[in-house]
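Below is one structure; the comments refer to it alone.
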Amino acid sequence: MNFKNFKKYIVMVITIIAFISHSAFAQERITVNGTVIDENSAPLEGVSIVVSATQGAMTDYNGNFTLSVEQGTQLVFSYIGYVTQILSAQPTMNVQMQPDAIGLEQATVVAIGYGAVRRADLTGAISSVSAADFKQGIISSTEQLLQGKIAGLTVIQGSGDPARGSSVRLRGGTSLTASNSPLFVVDGIPGIDINTVQPGEILSFDVLKDASAAAIYGSRGANGVIIITTNREKKGGSITYNGYVAIGSVAKNLDILSANQWRQYVRENELMSAIDFGGDTDWQKELEQTAVSHYHNLAFSSGTDNGGFRASINYLDHQGVIINSFLQRIGGSITAYQYGFNRKLKLEFSLHANTDKWTGIEYGIFDRAYTLNPTVPVKQNGEYTQIGGTLNNNPVELQNNRNDDSSRKRLLGYVKAEVDIIDGLKAIANVSYEYNSNQGRFYRPTYSFEGLTDKGYGRKTLADYTNTQFESYLTYERTLAEKHRFNAMLGYSFLTNTYEGSGAERRGFDTDAFIYNNLAAGQDFRMGDVYSYKGNSRLVSFFGRVNYSFDNKYLFTATLRRDGSTRFGDNNKWGFFPSVSAAWRISDEPFMESVKDYLSSLKLRVGFGVTGNQDGIGEYKSLALMGTAGGAAYYDAAAGVWKQSYGVTQNPNPDLKWESTAQTNIGIDFTLFHKINATVDWYYKKTSDLLYTYSVPMPPYLYPTMLANVGDLSNTGIELTLNSNVYKTKDFSWDGTLTLAHNRQKVLKLSDATYQTDVVYSGSLHGLSGLSNMFSQILKEGYPVGTFYGPRFEGLDADGKFILANNGDPEALGDVQPDLTLGLSFDFTYRNFDLNISAYGMFGQKVLNAQAMNISYAGRAPSYNIPDSYLTSGINDKVTYSSYWIEDASFLRIQGITLGYTLPSSFLKKIGINKLRCYITGENLFVITGYSGIDPEISIDGLATPGIDKSISTSSADNVNYYPRPRTFSFGVNISF
Amino acid sequence: MKIKSIISIIILLAFNACTDLSEKLYDRVTTSEYGLTEGEIETIVGRAYASLRGYSDNASGGTHAYPACEYVFFLTSVSSDECTLPTRYGGDWFDDGQYQELHKHTWKSNNKTVWSAWKYCYSGISSVNAVIYQTDKSPLTDEAKEKIFAELRAIRAYYYFRLLDLFGNVPITVSYEDLELPANSSRADVYAFVENELLDIIDLLPVSGYGRMTQNAANCLLARLYLNSEVYTGQSRWQDCLDVCAKITGTLEADYFTNFLTNNEVSQEIIFSIPYDHKAGTVGNYMASMTFHYEQKWAISAAGDYQWCGNGMCAQPGLYSSFEENDIRRKSLLIGEQIDLRSNSVIIMPGNGGNQPLIYTEDISDFTSSLQNEGARLKKYEVKAGETWERDHDLVIMRYAEVLMMQAECYVRLGASAQARPYVEQIRSRAGLSTPETIDLNFINEELKHEFVFEDHRRTDNIRFGDFFNAWWEKAADPSDKHTGIFPIPSFERQKNGKLIQNPGYTD
């Protein structure tokens, strides 16, 4: 689907209507030469100038046009997002177009999946962000562009690690097991890794929020759908370059004792046993570096009436603020299209590819940095100092004496064909192929502290993933009696995913010379040192949609999708996902005429739909399978050898199916005073057949857990988006966008006739001192996911021991989910200067400051380090989980401030440059919060450790990936030729 | 028109093709495709034996079900009079008080160590049931199947014996396919089930085979059942125990510690063991790391190539001094100064150790906040530099010394003390000790404590001798109803299976 063409078509229609109403009388013919410029006096390309239904022109790359018309003819100048102007033809015309916020809003074409509609015609809840509004600064993972930009879409960057992305969640999570990430659709291809396309290649995001919009994606739509439209060619030709250089440093460290503070503490408390190692080490600082990053993106494109292409390459070198950590990415994309058969056929090819290289960090370093005595020098006599003790080894050694070199390749290619069969009937087909490959390389040398007992440990892994899809659909559009508009779509899609991988590892090396490149040199081999795996899933879908609008005032949409998946159990192979929605453009009613001046548009939308989530099932989960298992070898005494045993690998569940989410959405879009666009949406969504690995009784089951569809979960919320051109004069303008969202989640049900679950313990504290096997949260009917559950702190007794309410009996202590999320963005322009200030915030969520809890206990110092806060806390007790450590983590982060300057085009023209803008950006400048830990923005993904601030990770069930966030300053340029 | 027809063909093809949703398997097979040959069946039977090592359970927050370590071994040892697991200064090993409960016999039904034993046994039973099902479906001859079934049923009887001993009234399930929730059976029924199963199959079992359920192993298990019969059923069966013991063949190793070498498969004394080998990826055998001090590695290797240790379980005060000084078995406990092999001076305990020297003491000053070096350590199995986290020694479950001691005890119980003496003498002389002329029950009890120290026997022996309910160290006397003689049915299981009734005396 070419949205651009559709846009043009709409513009033409509007223009023709305008033309008819302003028709002129014929006079003498003249040749008109003119230039059209935008509000910044930059030439505007692609402005259409309409004379009649059969005559017109379009401005070229320099904003120029030529026409031969009769003198005095009314010329209609129009361009998307600008106020249409009607002017009398003159031999020379210099036209300045003025932006039209409302017109842009209403005429913008929004991708809805297998098609696009004008925003004005939407019946579902869909929000869009275009390139101009993306998050500024270093973007190492594409979803970060959306942070704080869309009401109800939370993008949490839980870590400052350049190699890690963020978690994306729309309108609260709907699943306990499956990913809560929305489905990403790239140029119409669903289910693509969002990082396959790079920030510089993206034109816009359309976020399908409610079920009536997302239901067209059926069993993958429950968490919403984000449609990404990439940049396309420009008529004529252009070359653009965007680049920046950035310098980052850790924004905040934990306040723990310095060597001198430690010495003072020892003196004051007369701690005779304390050993002063004579050094003065800030272990956090020793692990940090000033990170210099840079990014370059070069793109060129060319287009004619019959075809065009765009190609771009980009390079990102992103250093981490922790020593030995970085991400490098080289990417490129090329898209080309060509019309044929008298423009009845359009063919489009596209290829996006990129490759990453990065080093991972050893996550154990942070806990050691907080633990190790600050008087211990990093090195003594050129050797890393090791003083013994558990979790007390030298973190600088730990981070330096290792090789952890990973790489990744991503590729997406597709071929698309569009055919006009008869007037109004179109067939579209595409074939796409996505390939992701991860290579891991790891070596821990023999001389390293951790590699000692293994005598060197090397590992290489390879994991490949492919996603091949064929999609085809027909669309038919017809208008009857001028007032009845129909649009119908019918499609089929077939998707096959294959993953496969292998790995090898070895221990016992005589030399470290080969690192991971010659694993055969390791002589200590074990069963399980080599492995490989492969799996496949397929999804077959039929889908359709009908749009009907009457008089452009009453709009109806209905969709239906039928998905069949190999992942589903034999008893539930196919699912239905219907939706209906309607909208009423109230402002177009005659009775609204009187209020038009201040309420210029008003639309009511109501929708209901059912979407699914099949992500949590995984392949083969419904089947009774035999396989080998790790740790399940047996000793064949007769032969004197160990052999792999085979057994049933899981409790089969032939009833397995998707989670289904029924969502009702009521929304209002309105425009006040021609100035403020507002959207308010209310929704209620109920997820049933929640997939969870439920506990089952053993006996009779073979395994104590089983993946099944049992529970119910609800999310209800309200969202507000406001954007406005607050103030505007000739030289100055101020635009603002505010998004607010509130969501409340509740677990409704966890049991049924077969599966009985009162409560599931979550939020693992395993790994914290004296808290093995302990949990901090519960999953229970009536509470949201991530509800803290523990003793309530009542005070400290005279000895500094914790006094806990009800003898320490646990109770619910609040939850990790925010009550309110906020995004705020202001754009100011003054002449050639532009200034953007972006902020986002989350309010009302609780965080367990396990980091502080773990290092604030009696007797920790002088052997280990303690936080400054412990000295004044009065605590004299062992590590004790209670509400004392649960804090309100509301925050407002000034995410970025960008100041830009665009050089005057009059000057640039002379040297052949179309546009040149320089800017500086300050990122993560400050956070307003009452939270006492390093940063209140903690990942709330999953059940293992949502909302738990800690750097300790010792068990596989609790995969904590703490990494401090940087504060970054960058300088960049945008140039186009 | 040409385009139209091409498009129609494409769409037609697309709609008709590819609606097949059967799953393609690559790296595993369905149950119906495997277990068709004798060789394949052998690998399936192997899973039943592998189940004896227990399993890791990270999903439950790390409540592992390992008989050699966390938490099955912890459960039976810490609740007996030979071990304890104090909370260390700073709170290490507090872990919600679950080990303090074990020591004090104040466990509740939500104690995770109690749960681990349930999971261990039933996971094993379910595995065996699945293997029986698989074998039954295979095209092997009935005769071949019966032989395999015998071994599998013997393994299952071992699990049920442990359930009988730990929980008493437990459900009996013997079918893989039947998913009906089972209710508890009475302890007497479970007892009868174990006895009947063993009697049914003993003659079909192999005569020899290391690590396999041989006739000797099954008879030893049956003898254990009879030995504790009075506890399980109220009816003593000392003579039956003697009769079964008489069928068991075996020998004592000259050196007691041969049974506990890293390569203890060389021992001729072992009747049944659970084999381990880290190179084969076996898991759960890391008790050494649960008992030694964090810095112990320097006493084992100057290069420091010994696994991390966590300073947990230790001997209960009084155990060490209960050994006679020249009892070679006393070496099963580690006590005194630990010498740093790098400097030949005593290891210093950093961190919460307060930079004090590492000298293991028998006494423990404060159960709820003990110093790092307090408590003698468990060092029965060989310890070597370069060992991995997962140790290689096999876990000894039954050895011939037990058969001798069972006979000795039964004779004493039957009032034939003189007949008991020769059995005890063999044990004592190997330990470097003389044997008194007359042997009474107290003597037997002490001897069992020393001969099988840290071998997972003590709780059962304590109960049989009645000591279990007496006060010791930090533990008060148990309630007079003696309900603590069996553990509660774990609340986690009762939540899932409403048919399970709690054991008497437990209210939650």
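Going line by line, the protein sequences match chains Y and Z. Using the working numbering, the first residue of the first sequence is number 14, and each one after it goes up by one. Using the working numbering, the first residue of the second sequence is number 18, and each one after it goes up by one. In this text, a Cβ means the ideal position worked out from N, Cα and C, and glycines have one as well. Remember, predicted model here, so these are calculated numbers, not experimental data.
By the Cβ-count criterion, Y:K162 is buried, with 16 or more other Cβ atoms from all chains shown falling within 10 Å of its own Cβ. From the beta-carbon of Z:W110, the residues of chain Y found nearer than 7 Å are G783. A straight-line Cα-Cα distance of about 8 Å links Y:S420 and Y:S450. In this structure, Y:Y707 sits near Y:T770, with a CB-CB distance shorter than 8 Å. Positions of the beta strand (DSSP E) runs, each at least 3 residues long and wholly inside the segment 610-693 of chain Y, are given as 612-626, 638-640, 646-649, 654-657, 672-685 in order along the chain. Taken atom to atom, the span from the alpha-carbon of Y:Y254 to that of Y:D477 is near 33 Å. CA-to-CA, the gap between Z:N459 and Y:A646 works out to about 43 Å. Using a C-beta cut-off of 8 Å, the segment 86-99 of chain Y makes no contact with the segment 181-194 of chain Y, since fewer than three inter-stretch Cβ pairs fall below that distance. Residue nearest to Y:L636 within the set Y:D649, Y:G620, Y:M719, Y:E672 is Y:M719 (criterion: CA-CA distance). Residue contact with chain Y for Z:N372: present (Cβ-Cβ distance below 8 Å to some residue of chain Y).
In the three-state scheme derived from DSSP, where H, G and I count as helix and E and B as strand, Z:H120 is classed as helix.
Judged by beta-carbon spacing, Y:N549 lies beyond the 8 Å limit of Y:G204, meaning their Cβ atoms are not closer than that value. Cβ proximity to chain Z below 8 Å picks out G783, L784, S785, N786, M787, F788 from the segment 783-814 of chain Y.
Contacts between Z:Q324 and chain Y, judged by CB atoms closer than 8 Å, involve T466 in chain order. Using a C-beta cut-off of 8 Å, the segment 384-402 of chain Z makes no contact with the segment 243-263 of chain Z, since fewer than three inter-stretch Cβ pairs fall below that distance. Here Y:T934 carries a strand assignment [DSSP, helix/strand/coil]. With fewer than 16 other beta carbons inside 10 angstroms of its own, Y:H497 counts as exposed. One finds nothing in chain Z with a Cβ atom closer than 8 Å to the Cβ of Y:G854; even the nearest lies about 33 Å away.
Going by DSSP, Y:Q277 is part of the alpha helix (DSSP H) stretching over 272-282. The alpha-carbon separation between Y:V168 and Y:T834 amounts to approximately 10 Å.
DSSP, reduced to helix, strand and coil, places Y:H779 outside both helices and strands of the structure shown, so it counts as coil. Take Y:N406, set aside five residues on each side of it, and the residues of its chain with a beta-carbon closer than 7 Å to its own are R381, Q399, F462, in chain order.
Listed in chain order, the positions of the segment 631-648 of chain Y with a beta carbon within less than 9 Å of a beta carbon of chain Z are E632, Y633, S635, L636, A637, L638, M639, G640, T641, A642, G643, G644, A645, A646, Y647, Y648. Flagged as an interface residue toward chain Z: Y:G577, by a C-beta distance shorter than 8 Å.
Distances from the alpha-carbon of Z:D206 to those of Z:S225, Z:E163, Z:G251, Z:E312 put Z:G251 closest.
Leaving aside the five residues that flank Z:L431 on each side, the residues in its chain whose CB is nearer than 6 Å to its CB run, in chain order, W255. Contact between Z:Q115 and Z:T130 holds, with the beta-carbon distance rounding to 6 Å and staying under 8 Å.
Annotated as proximal: Z:M330 and Z:V95, with beta-carbon spacing under 8 Å.
For Y:R980 against Y:S896, the beta-carbon gap comes to about 32 Å, at or over 8 Å, which does not count as contact. The alpha-carbon separation between Z:E354 and Z:H467 amounts to approximately 23 Å. The alpha carbon of Y:V709 has as its nearest neighbour, out of Y:D682, Y:P665, Y:A675, Y:R342, the alpha carbon of Y:P665. With a 10 Å radius around the Cβ and a threshold of 16 neighbouring Cβ atoms, Z:N276 comes out buried.
Residues of the segment 61-74 of chain Z with a C-beta atom less than 7 Å from some C-beta of chain Y are I61, G63, R64, Y66, A67, listed in chain order.
If you keep only unbroken alpha helix (DSSP H) runs of at least 4 residues inside the segment 197-233 of chain Z, you get 204-218. For Y:P591, the enclosing beta strand (DSSP E) begins and ends at 587-598. Annotated three-state conformation of Z:K164 is helix, per DSSP.
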